[in-house]
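Read through the structure below, which is laid out as structure tokens, and then see the notes.
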Amino acid sequence: MNEGKILLDIRDLTVHYITYDGTVRAVENLSLSLKYGETLGLVGETGAGKTTTVKTILRILQEPPAKIIKGEIIFENEDLLKKDMKKMRKIRGKQISMIFQDPMTSLNPVLTVQEQIMEVLRLHNRKLSKKEALIEALEMLEMVGIQAERGSDYPHQFSGGMKQRVIIAMALACNPKLLIADEPTTALDVTIQAQVLELMKRLKNEYDTSMIMITHDLGIVAEICDKIAIMYAGEIVEYGTRKHIFHNGLHPYTKGLFACIPNILDEETKLIPIKGLAPDPINLPLGCKFHPRCSYACEICKTEIPPNKEIEPGHFVRCHIV
Amino acid sequence: MSDIILEVKNLKKYFKTKKGLLHAVDGVNFIISKSETMGLVGESGCGKSTIGRLILRLIEATEGEILFEGKDICKLDKKEMREMRKKIQIVFQDPYSSLDGRRSIFDSIGEPLRVQKVFNDKQSYEKRVYELMDTVGLARRLANTYPHELDGGRRQRVGIARAMALNPSFLVLDEPVSALDVSIQAQILNLMEELQKEFGLTYLFISHDLSVIKHISNHIAVMYLGKIVEKSECKELFKEPLHPYTQALLSAVPIPSIDVKIDRIILEGDVPSPINPRPGCRFAPRCRLAGDICRQETPELREVRPGRMVACHFVENQN
Numbered sequence: 004m005n006e007g008k009i010l011l012d013i014r015d016l017t018v019h020y021i022t023y024d025g026t027v028r029a030v031e032n033l034s035l036s037l038k039y040g041e042t043l044g045l046v047g048e049t050g051a052g053k054t055t056t057v058k059t060i061l062r063i064l065q066e067p068p069a070k071i072i073k074g075e076i077i078f079e080n081e082d083l084l085k086k087d088m089k090k091m092r093k094i095r096g097k098q099i100s101m102i103f104q105d106p107m108t109s110l111n112p113v114l115t116v117q118e119q120i121m122e123v124l125r126l127h128n129r130k131l132s133k134k135e136a137l138i139e140a141l142e143m144l145e146m147v148g149i150q151a152e153r154g155s156d157y158p159h160q161f162s163g164g165m166k167q168r169v170i171i172a173m174a175l176a177c178n179p180k181l182l183i184a185d186e187p188t189t190a191l192d193v194t195i196q197a198q199v200l201e202l203m204k205r206l207k208n209e210y211d212t213s214m215i216m217i218t219h220d221l222g223i224v225a226e227i228c229d230k231i232a233i234m235y236a237g238e239i240v241e242y243g244t245r246k247h248i249f250h251n252g253l254h255p256y257t258k259g260l261f262a263c264i265p266n267i268l269d270e271e272t273k274l275i276p277i278k279g280l281a282p283d284p285i286n287l288p289l290g291c292k293f294h295p296r297c298s299y300a301c302e303i304c305k306t307e308i309p310p311n312k313e314i315e316p317g318h319f320v321r322c323h324i325v
Numbered sequence: 021m022s023d024i025i026l027e028v029k030n031l032k033k034y035f036k037t038k039k040g041l042l043h044a045v046d047g048v049n050f051i052i053s054k055s056e057t058m059g060l061v062g063e064s065g066c067g068k069s070t071i072g073r074l075i076l077r078l079i080e081a082t083e084g085e086i087l088f089e090g091k092d093i094c095k096l097d098k099k100e101m102r103e104m105r106k107k108i109q110i111v112f113q114d115p116y117s118s119l120d121g122r123r124s125i126f127d128s129i130g131e132p133l134r135v136q137k138v139f140n141d142k143q144s145y146e147k148r149v150y151e152l153m154d155t156v157g158l159a160r161r162l163a164n165t166y167p168h169e170l171d172g173g174r175r176q177r178v179g180i181a182r183a184m185a186l187n188p189s190f191l192v193l194d195e196p197v198s199a200l201d202v203s204i205q206a207q208i209l210n211l212m213e214e215l216q217k218e219f220g221l222t223y224l225f226i227s228h229d230l231s232v233i234k235h236i237s238n239h240i241a242v243m244y245l246g247k248i249v250e251k252s253e254c255k256e257l258f259k260e261p262l263h264p265y266t267q268a269l270l271s272a273v274p275i276p277s278i279d280v281k282i283d284r285i286i287l288e289g290d291v292p293s294p295i296n297p298r299p300g301c302r303f304a305p306r307c308r309l310a311g312d313i314c315r316q317e318t319p320e321l322r323e324v325r326p327g328r329m330v331a332c333h334f335v336e337n338q339n
């Protein structure tokens with residue numbers, strides 16, 4: 004019923020970290036929107052600002068050192084940045100939930116897994132009795148492929164893949180509208196990663212949840228995402244559907260990313276690395292932030308910030324020369 | 021047969037734990053020829069890093085032989101082993117923790133030269149360190165910086181320079197690019213390939229990343245729970261994996277393209293514990309082909325067709 008409507012709209016978001024060494028411009032003028040039922044892939048390398056962006060959505064940034072300079076995060080017609088912490092607490096886990104990268108450290112080691120799932124349920128539904136919560140918690144476990152008997156086990160009794168399943172069960176327990184997954188399979192082995200991705204795809208369809216998936220793995224993006232945003236040095240440099248990005252990726256950084264990964268299907272080719280290093284976020288280059296590493300850079304790239312151009316409907320590229 | 025540089029025979033490493041013997045490496049055999057790259061691939065806990073460490077004798081083997089240029093490394097005494105380490109070196113996974121934080125880059129790279137007392141005069145020592153920095157693409161101005169001032173890619177270059185310091189002929193590369201971002205990963209992989217060509221190096225490349233392994237290896241050994249389950253020339257293996265585990269492993273890799281559809285084999289359950297493993301094939305509990313014999317008899321690694329070694333009772337029975 005909400006098909007085609009916008010669930011999340013981030014406008015002009017700027018987040019800085021104020022440190023002794025200077026101001027880290029982690030996210031700058033970032034705009035992004037997500038429709039109901041869509042999966043957005045947020046792709047970029049270390050320090051691109053992916054995690055800062057999603058932490059801002061949930062308002063779990065540590066402030067200070069972080070500081071939200073400007074912007075709006077409209078979720079279901081309300082600006083999350085204007086909400087106080089009490090209201091945010093009601094949203095976290097209920098409307099928006101998050102899966103973190105490292106399943107080893109995101110569970111509480113002294114509580115059984117069923118207690119941890121019950122906690123989310125009871126926190127957001129005070130009327131729920133312990134018994135009812137337990138039944139629901141065990142249902143969630145079964146849903147992610149863990150036998151209900153194991154609910155009374157502690158996290159250390161589970162393997163990495165199983166822990167990540169528990170976390171998924173916990174994240175989906177309240178049937179959130181938006182699920183944020185921050186590199187959910189990076190810490191897992193490939194065969195286990197395949198299991199978890201399969202599970203996430205299935206559950207996303209069953210629950211009709213929208214999702215933001217942070218990853219640096221273009222293979223995972225190809226598999227699971229409808230829309231893709233490529234981030235570099237705090238900005239989205241290219242945004243479009245999976246077709247736009249995979250068939251017609253235009254930003255030099257996007258092209259560079261594709262050229263530098265070895266592909267299991269390709270025959271022996273030489274990798275073409277992106278020259279140089281990611282810029283120091285305290286001391287970002289003027290103009291286009293990618294220009295020192297870009298092989299197409301011209302004079303204008305060194306001085307002027309490139310505009311966000313709509314190349315074809317829904318396909319945006321932030322580059323002077325496309 | 022003179023071009024064989026390393027031969028590993030029936031190598032075993034068991035660790036004692038409270039719960040019993042952990043069979044980390046359980047009867048592994050392989051040969052590496054000069055100037056080639058052997059890729060060792062498998063998931064966490066399969067014993068691939070243990071093999072790397074055994075070859076350098078950072079840990080001692082429980083059983084078996086490691087023949088380097090025909091000499092059994094395991095039988096060398098301390099002095100002989102120190103000589104041997106000039107020829108065999110290792111690059112570790114994590115460039116953040118494998119360097120001494122209180123030592124400058126120059127000191128770190130020069131350490132192997134000092135330990136082995138290669139030079140008597142300061143001048144030739146310094147010349148060699150700078151030469152090494154050039155070789156791995158580190159700017160000379162970084163000589164007096166410390167590891168925390170460098171990014172992951174540069175730190176890994178320091179690790180490689182240290183390994184190259186004594187002109188080794190053989191390098192164990194234990195997940196050298198796993199901790200790096202993709203754009204930096206490509207730089208390091210290209211560097212490894214250039215060094216191999218220039219100095220005729222032989223590599224044992226350990227990784228869990230199949231795309232990387234495919235890119236860099238000539239031969240590949242796939243490990244599962246302490247055993248090699250399949251061994252083959254690289255292209256052949258990726259063209260047609262024969263062991264059911266290899267098939268599942270290859271199909272699990274996400275492909276960065278939206279035009280290919282892969283028939284994914286999703287394995288049930290987790291890797292079983294390597295402590296007191298059950299008899300029979302280690303992969304049997306998760307295998308789609310498994311029959312009674314698999315639970316009783318351990319399959320030997322055998323040549324099922326020219327150049328293709330597979331440890332499975334039922335390879336021939338697949339469609």
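Going down the list, the protein sequences come from chains A and B.
Just remember that the numbering used here sits 3 ahead of the position in the first sequence, which is counted from 1.
Just remember that the numbering used here sits 20 ahead of the position in the second sequence, which is counted from 1.
Built from N, CA and C at the ideal position, the CB exists for glycine as well.
A quick note: this is a predicted structure, and the numbers were derived from the prediction, not measured.
Would you say Ser203/B faces chain A, with C-beta separation under 8 angstroms as the test? yes
Just the C-alpha distance for Ile285/B and Tyr265/B, rounded to the nearest angstrom, thanks. 10 angstroms
Name, in chain order, the residues that DSSP records as bridge partners for Leu35/A. Ile13/A
Using alpha carbons as the reference points, say which of Val18/A, Lys273/A and Ile239/A lies closest to Lys292/A. Ile239/A
Find the nearest neighbour of Val45/B within the set Gly59/B, Val324/B, Ala81/B and Lys39/B, judged by alpha-carbon distance. Ala81/B
By the 9 angstroms beta-carbon criterion, what residues does the stretch 204-220 of chain B contribute toward chain A? Ile204, Gln205, Ala206, Gln207, Ile208, Leu209, Asn210 and Glu213
If the criterion is Cβ atoms closer than 8 angstroms, does the pair Lys216/A and Leu43/A meet it? In the sequence as presented, Lys is not what sits at residue 216/A; that position holds Met. For Met216/A and Leu43/A, yes; Cβs fall inside 8 angstroms.
Nonlocal neighbours in the same chain, by C-beta distance under 6 angstroms from Met21/B, ignoring five residues either side: Only weak support exists for where Met21/B lies, its pLDDT of 43 falling under 50; the coordinates are left without a value.
Going along chain B, which residues have a C-beta under 8 angstroms from His219/A? Asp201 and Val202
Consider the Cβ of Ala310/B: report whether some Cβ of chain A lies at a distance smaller than 8 angstroms. no
Nearest chain B C-beta to Phe78/A closer than 8 angstroms, yes or no? no
Quick check on Val320/A: does DSSP put it in helix, strand or coil? strand
Let me see if you follow: with CB-CB separation under 8 angstroms, is Asp290/B close to chain A or not? yes
Proximity below 8 angstroms, CB of Thr194/A to CB of Leu257/B: no
Extract the residue ranges of the beta strand (DSSP E) inside the stretch 176-257 of chain B, only unbroken runs of 3 or more that lie entirely within it. 190-194, 222-227, 239-244 and 247-253
Kindly indicate if chain E contains any beta-carbon less than 8 angstroms away from that of Ile267/A. In the structure shown, chain E cannot be found, because the protein chains are A and B.
Compare the C-beta of Pro3/A against all C-beta atoms of chain B and say whether one is closer than 8 angstroms. Since the first and last residues shown for chain A are 4 and 325, residue 3/A lies out of range.
If you compare alpha carbons, which of Leu119/B, Gly84/B and Phe190/B is closest to Glu169/B? Leu119/B
Between Ala29/A and chain B, is any beta-carbon pair separated by less than 8 angstroms? no
Could you spell out where the beta strand (DSSP E) holding Thr218/A opens and where it closes? Ser213 to Thr218
Beta-carbon separation (whole angstroms), Tyr244/B vs Gly62/B, contact threshold 8 angstroms: 6 angstroms
Using a C-beta cutoff of 8 angstroms, does Gln198/A count as contacting chain B? yes
Strictly below 8 angstroms CB to CB, what residues from chain A border Phe258/B? Ile267
Please report the straight-line C-alpha distance between Gly279/A and Pro295/A, rounded to a whole angstrom. 8 angstroms
If you draw a straight line from the alpha carbon of Thr37/B to that of Ile295/B, how long is it in whole angstroms? 8 angstroms
Tell me, please, whether the CB atom of Lys246/A is closer than 8 angstroms to any CB atom in chain B? yes
Measuring only between beta-carbons, confirm whether Ile51/B sits less than 8 angstroms from chain A. no
Confirm, please, whether the CB-CB distance from Ser198/B to Ser227/B is below 8 angstroms. yes
So, helix, strand or coil for Ala225/A, using DSSP? helix
Using a Cβ-Cβ cutoff of 8 angstroms, what residues of the stretch 182-211 of chain A are near chain B? List them in chain order. Asp192, Val193, Thr194, Ile195, Gln196, Ala197, Gln198, Leu200 and Glu201
Where DSSP assigns a beta bridge to Ser100/A, which residues make up the other side? Leu182/A
Kindly identify the DSSP beta-bridge partner or partners of Arg322/B. Val330/B
Going along the chain, which residues of the stretch 49-72 of chain A sit with their C-beta nearer than 8 angstroms to a C-beta in chain B? Thr49
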